[in-house]
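According to my numbering, the sequence shown is numbered sequentially starting from 2. Glycine included, C-beta positions come from ideal geometry on N, C-alpha and C.
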Amino acid sequence: MSGRLEIILRLYSKNKSQRLKTYIAFTPLTKLSKEITMQSDKLSGTCACNQVIYELDDSGMYCQACHCLDCQRISGSSFIVNIWIEANRVHLLEGNTQQVIISAGRDQHTLTMCAHCNSCIWSRYHAAPGNTLFVKAGTLNPECQVAPRAHIFTRSKQDWMLLDETLPSFESFYDMKKLWPAKSLKRYQINIQESASI
Ligand SMILES: [Zn+2]
Ligand SMILES: [Zn+2]
2 MSGRLEIILR LYSKNKSQRL KTYIAFTPLT KLSKEITMQS DKLSGTCACN QVIYELDDSG
62 MYCQACHCLD CQRISGSSFI VNIWIEANRV HLLEGNTQQV IISAGRDQHT LTMCAHCNSC
122 IWSRYHAAPG NTLFVKAGTL NPECQVAPRA HIFTRSKQDW MLLDETLPSF ESFYDMKKLW
182 PAKSLKRYQI NIQESASI
């Protein structure tokens with residue numbers, strides 16, 4: 002940071018759901034534009050009562066709309082859009098959370114919720130290798146939308162729901178090696194290796 006003054010301002014709009022972060026850096030213009038590009042990968046979100054505020058380093062390895070019965074019941078809706086991301090890229094900035102463990106078949110599924118309003122912010126499927134989380138995309142701030150790349154567990158999808166036919170859909174799960182971009186597979190491989198060595 003020598004010779005360089007950097008101020009990070011957080012500006013919160015009057016509408017709590019639209020929290021804006023502005024990064025102002027007193028740096029040469031070329032460096033500044035590079036930093037803004039880097040910062041733009043970050044996503045932020047909040048629970049329904051706005052006490053929990055979190056940030057993601059980026060939009061994760063994969064994003065999928067899950068129509069399983071658990072996702073319907075957890076959300077009280079028709080499906081959940083899950084952002085599958087490494088746990089070390091998820092940062093709780095403010096608020097208290099509590100965890101609830103439910104069963105997911107033979108394995109467990111830990112839900113992390115706001116301790117005050119109980120919005121489910123993210124969850125961890127114990128069956129998934131590595132140390133990854135499923136961040137609930139519905140809790141992202143409006144300016145941070147992430148679109149699902151596939152529909153899964155459509156065998157339990159609600160009948161009235163018409164799916165976007167341009168996206169692949171699967172009755173249950175899918176073959177990650179066939180569906181995920183190579184870059185995401187590489188990220189997951191690194192995550193599994195790193196979590197095995199801890
Ligand atoms: Zn809350
Ligand atoms: Zn699900």
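| Item | Value |
| --- | --- |
| Contact check, T113 vs C48, beta carbons under 8 angstroms | no |
| Member of L93, D42 and A66 whose CA lies at the smallest distance from the CA of Q52 | L93 |
| Buried or exposed by the 16-neighbour rule on C-beta atoms within 10 Å, applied to M177 | exposed |
| Check your reading: residues with Cβ closer than 7 angstroms to ligand 1 heavy atoms | C48, A49, C50, N51, Q52, V53, G96, C115, H117, C118 and S120 |
| I81 CB to nearest heavy atom of ligand 2 below 7 angstroms | yes |
| Cβ neighbours of C115 in the same chain (closer than 7 angstroms, five flanking residues each side left out) | C48, C50, Q52, V53, G96, T98 and I122 |
| Start-to-end residues for the alpha helix (DSSP H) that takes in A197 | A183 to S198 |
| Contact under 8 angstroms by Cβ, F135 with I84 | yes |
| Between the CA atoms of A105 and D71 - distance to the nearest angstrom | 8 angstroms |
| Identity of the residues DSSP links to N83 by a beta bridge | Q65 and K137 |
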